[in-house]
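*Asks:* Got a structure for you, questions after.
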């Protein structure tokens, strides 16, 4: 019974912590790809007809005055607010960017795999996504169309987890000029980088307070909205797991005490043939330790299996979280040590009771 | 070979128990006893006469209410619990009526269990245990669990275990109680032979009168007291 208890506790600990880490990775990757912590938008309730729509990730987002971003930059702990104008017509996504922003942007210089990145004074030139280029036989110098014609100067490969992945990227002022509504001076997204990831929540709340109609999307919000997975933080996972570990210890102690009770006669015989209290304590602790080792090893193995299943479930939605969460020997070691410590505590506690047995009375028990 | 030196000296030994109703039962009542080194002493008596209690007291399994026990020069009243453990380990070998083998240990492991608390290396322990089982004619049964052995075989494992530490004193508590007459005789003969070879002192408590054939001396016990003759009204079968 003890082994089962150890297996359940340790495998749950490892599974929960791995899932929590997978979750955190999943939620941080999409925004990390574009170097931002928060996406600032104005949600649009319905999709405009025929002329395409302004989108942010999978949401419809109203354009707003670009000058608002300068005000956002005044909010405490905001490092920068980068303008994006993203438009979709049928299956095509067309995005205007400010190429001077190389850290936080929908596409960055490091994403260029062929040709060059956009320059601030570029006009009718574009970056195209690698897959889109491949499907449409586009190469450097080809012409691509979306409300106007552009010469392809670069082919980019952005991560599948990039939430504002587009087919075509063009300088923002050109996009504002060519779209049917001519939204000059307007953008529909602000990519906000905070001074520290720990400030994300506070900045997000400050933005909502100052611009109540706006929406802010953090990594967690996006992942939750997009993937609908139950969120559990690593601290919570550890908390649940440690509580489980305490229950395991109590369960192990109770089980071992029961075991000692069942073996009263056996302990009496051993004491009668010359076993000292120390011998009895050693025997019971070693037996308990062996159970802890077996339970710990099986628990760690099952934890890794269940944790991997949990990660692939989360990762399957977002693409590749499994590969993003490295194997953590410390987590396995902690799980194993918890099993061992529980086993020793349970063994010691029950063996001390066994040591107190009077041999002549213990032998008489049936 | 018997010597004149006393291996066991018991003086005015009393062991009382309190009953639930508040009364007192004298299981052993002012018993005096001397057993010479190498002697085979048998104590006969009916159930409840106090034989097992006396044996437990001599073996250091139980503590007397009053009186004195000296075994191989060691006076029990001057020994701490740890020293009594050493007496049980080094000086005394027990054989119980109910065999008292560990059910989850094989025959070999049961014998070896008596050697575990010593500093003997594992290989040596196994070697000695195997040899003892061989002496008992159980070589082929060494890896069997007690449940796979007959009653006679189980008692022979228990005897092998009792001899494991080469004790100075062998205490046999109804060693034939669970055995048929033929097997009981064989077991007693076995104990007699081995103890004689090794110069051990044996105290056996039993109902079996055929023990008279091999014993040096017979005492009788009734109501906690020892007698040299059969007490009046006692029927010994």
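Chains as they are written, first to last, in this note's numbering: chain F, 350 to 715; chain L, 159 to 395. We treat Cβ as the ideally placed atom computed from N, Cα and C, and that holds for glycine.
1) If the cut-off is 7 angstroms on Cβ atoms, which residues from the stretch 595-625 of chain F count as contacting chain L, listed in chain order?
2) Would you identify the three-state DSSP class for residue 342 of chain L, choosing helix, strand or coil?
3) Could you check whether the Cβ of residue 351 of chain F sits closer than 8 angstroms to any Cβ belonging to chain L?
4) What residue range is occupied by the uninterrupted beta strand (DSSP E) comprising residue 385 of chain L?
5) What does residue 246 of chain L reach in chain F if we use C-beta pairs closer than 9 angstroms?
6) Considering residue 241 of chain L, what are the terminal residues of the beta strand (DSSP E) in which it resides?
7) Based on the DSSP secondary-structure assignment, which residues constitute the bridge partners of residue 539 of chain F?
8) Of all the CB atoms in chain L, is at least one closer than 8 angstroms to the CB of residue 633 of chain F?
9) So what's residue 701 of chain F in DSSP terms, helix, strand or just coil?
10) Cα separation between residue 503 of chain F and residue 462 of chain F?
11) On the DSSP letters alone, give me the boundaries of the alpha helix (DSSP H) that residue 281 of chain L sits inside.
12) Would residue 643 of chain F count as contacting chain L if we go by Cβ distances under 8 angstroms?
13) If I measure Cβ to Cβ from residue 224 of chain L and keep anything under 8 angstroms in the same chain, skipping five residues before and after, which residues do I get?
14) Keeping to the same chain, check which residues put their C-beta closer than 6 angstroms to that of residue 375 of chain L; ignore five residues upstream and five downstream.
15) Please tell me whether residue 365 of chain F and residue 590 of chain F are closer than 8 angstroms, where the distance is taken between their beta carbons.
16) Quick one: residues in its chain with C-beta nearer than 6 angstroms to the C-beta of residue 701 of chain F, no 5 flanking neighbours on either side, listed in chain order?
17) Strictly under 8 angstroms for the Cβ-Cβ distance: is residue 639 of chain F near chain L by that measure?
18) If you draw a straight line from the alpha carbon of residue 304 of chain F to that of residue 560 of chain F, how long is it in whole angstroms?
19) Can a CB atom of chain F be found closer than 8 angstroms to the CB of residue 265 of chain L?
20) Buried or exposed: residue 465 of chain F, going by 16 or more other Cβ atoms within 10 Å of its Cβ?
21) Using C-beta distances below 6 angstroms, list every residue in its chain close to residue 422 of chain F, excluding the 5 sequence neighbours before and after it, in chain order.
22) Pull out every residue of the stretch 230-256 of chain L whose Cβ sits closer than 9 angstroms to any Cβ of chain F, in chain order.
23) Identify, in the order they occur along the chain, each residue of the same chain with its Cβ nearer than 8 angstroms to the Cβ of residue 515 of chain F, setting aside the five sequence neighbours on each side.
24) When the cut-off is 8 angstroms and only beta carbons count, does residue 578 of chain F lie next to chain L?
25) Identify the continuous beta strand (DSSP E) that holds residue 198 of chain L and give its terminal residues.
26) If I measure Cβ to Cβ from residue 288 of chain L and keep anything under 8 angstroms in the same chain, skipping five residues before and after, which residues do I get?
27) Does the contact criterion of 3 or more C-beta pairs under 8 angstroms hold for the stretch 627-642 of chain F versus the stretch 688-702 of chain F?
28) For the stretch 193-209 of chain L against the stretch 342-362 of chain L, do three or more pairs of beta-carbon atoms, one drawn from each stretch, fall closer than 8 angstroms, so that the two count as touching?
29) Against residue 219 of chain L, what residues of chain F qualify as contacts under a CB-to-CB distance less than 7 angstroms, listed in chain order?
30) In the structure shown, what three-state DSSP assignment does residue 483 of chain F receive?
31) Output the boundary residues of the beta strand (DSSP E) element that contains residue 192 of chain L.
32) Among the candidates L/234, L/324, L/180, whose CA atom is the shortest distance from the CA of residue 270 of chain L?
33) Pick helix, strand or coil for residue 362 of chain L, following the three-state DSSP scheme.
34) Strictly by DSSP, which residues pair up with residue 379 of chain L?
35) From the beta carbon of residue 269 of chain L, is the nearest beta carbon of chain F less than 8 angstroms away?
36) So, with DSSP's three-state summary, where would you put residue 478 of chain F?
*Replies:* The structure says:
1) 615, 618, 619, 621, 622, 623, 624, 625
2) helix
3) no
4) Residues 383-385.
5) 620, 621, 622, 623, 624, 708
6) In the DSSP annotation of this structure, residue 241 of chain L is not part of any beta strand (DSSP E); the continuous alpha helix (DSSP H) holding it starts and ends at 239-248.
7) Looking at the DSSP assignment, residue 539 of chain F forms a beta bridge with F/389, F/432.
8) With its beta carbon at least 8 angstroms from every one in chain L, residue 633 of chain F lies outside the interface.
9) helix
10) Going by the C-alpha atoms only, they are around 8 angstroms apart.
11) 280-293
12) Residue 643 of chain F is outside the set of residues whose beta carbon lies under 8 angstroms from a beta carbon in chain L.
13) 170, 171, 172
14) Within the same chain, Cβ atoms closer than 6 angstroms to the Cβ of residue 375 of chain L are found at 199, the five residues on either side in sequence being excluded.
15) yes
16) Residues of the same chain with their beta carbon placed closer than 6 angstroms to that of residue 701 of chain F are lacking, with the five preceding and five following residues left out of the count.
17) no
18) Chain F is shown only over 350 to 715; residue 304 of chain F falls outside these bounds and no answer can be derived.
19) no
20) exposed
21) 430
22) 239, 240, 243, 244, 245, 246, 247, 248, 250, 251, 252, 254, 256
23) 435, 442, 443, 444, 455, 456, 478
24) Unreliable placement is indicated for residue 578 of chain F, whose pLDDT of 45 sits below 50; the coordinate value is still reported in the next sentence. Not an interface residue.
25) 198-202
26) Around residue 288 of chain L: 266, 297, 300.
27) They touch, by the three-pair rule.
28) yes
29) 621, 708, 709
30) helix
31) Element bounds for residue 192 of chain L: 182-194.
32) Of L/234, L/324, L/180, the residue nearest in Cα terms is L/324.
33) strand
34) L/384
35) no
36) If DSSP states are grouped into helix, strand and coil, residue 478 of chain F belongs with the strands.
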